[in-house]
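One structure is given here, and the rest of the page talks about it.
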Amino acid sequence: MRVMFELIFHPGAAKELYALDPVMQAKVLRGLEKLEREGFRLRYPDTRVLTRGLYELRVGGKDIARTFFAFAVGQRIFILRTFIKKTQKTPQCEIEIALKRLEEVSHVG
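According to the UniProt record's numbering, the sequence shown holds residues 1 to 109 in order.
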C-alpha cells in the first residue's frame with residue numbers, strides 16, 4: 001500500500017485556487033489529487049522541475065493553469081502558487097512569488 005503525501009497549502013495559494021473558474025479549479029484539484037497519490041513518482045507531462053527544488057504541476061484545457069510546489073521532509077508537499085499561464089514562458093515574477101512563499105512555509109512547517 002502506498003503512503004499518500006500530505007499537501008500543505010500556503011494561504012495565498014489556497015485563495016488563488018479557489019479564485020479560479022469552476023472548470024479550471026476542478027482540473028487543478030484533480031491534478032493535486034494525483035500529486036497527493038504519486039508524489040515524487042509523478043513526472044512530465046504532469047510535472048516539471050523549475051528551479052532550486054521548485055516544481056510545477058501542469059494543467060491544461062482551454063486555458064493553462066500552473067501550480068508551483070516543493071517537496072518537504074517526510075511525505076509532505078508545499079503548495080505555493082496557482083495561476084493561469086498566459087504566455088509560453090513562465091514569468092520570472094511567478095517563480096519569485098513561489099520561492100518567497102517557500103521560504104515562509106519552510107520556517108513555519
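Glycine residues also receive a C-beta, built at the ideal position from the N, C-alpha and C atoms.
DSSP places K89 in no beta strand (DSSP E); its state is neither H nor E. Here F71 carries a strand assignment [DSSP, helix/strand/coil].
In this structure, L80 places its C-beta atom within 7 Å of the C-beta atom of H10. DSSP places L57 in the uninterrupted beta strand (DSSP E) bounded by L54 to V59. Within the same chain, L57 and V59 come within 6 Å of G31 by CB-CB distance, once the 5 residues on both sides are set aside. Counting only runs of at least 4 residues, the region 10-52 fully encloses the following alpha helix (DSSP H) elements, listed from N- to C-terminal order: 11-19 and 22-38.
Contact annotation: E16 and T90 have beta-carbon atoms that are not nearer than 7 Å.
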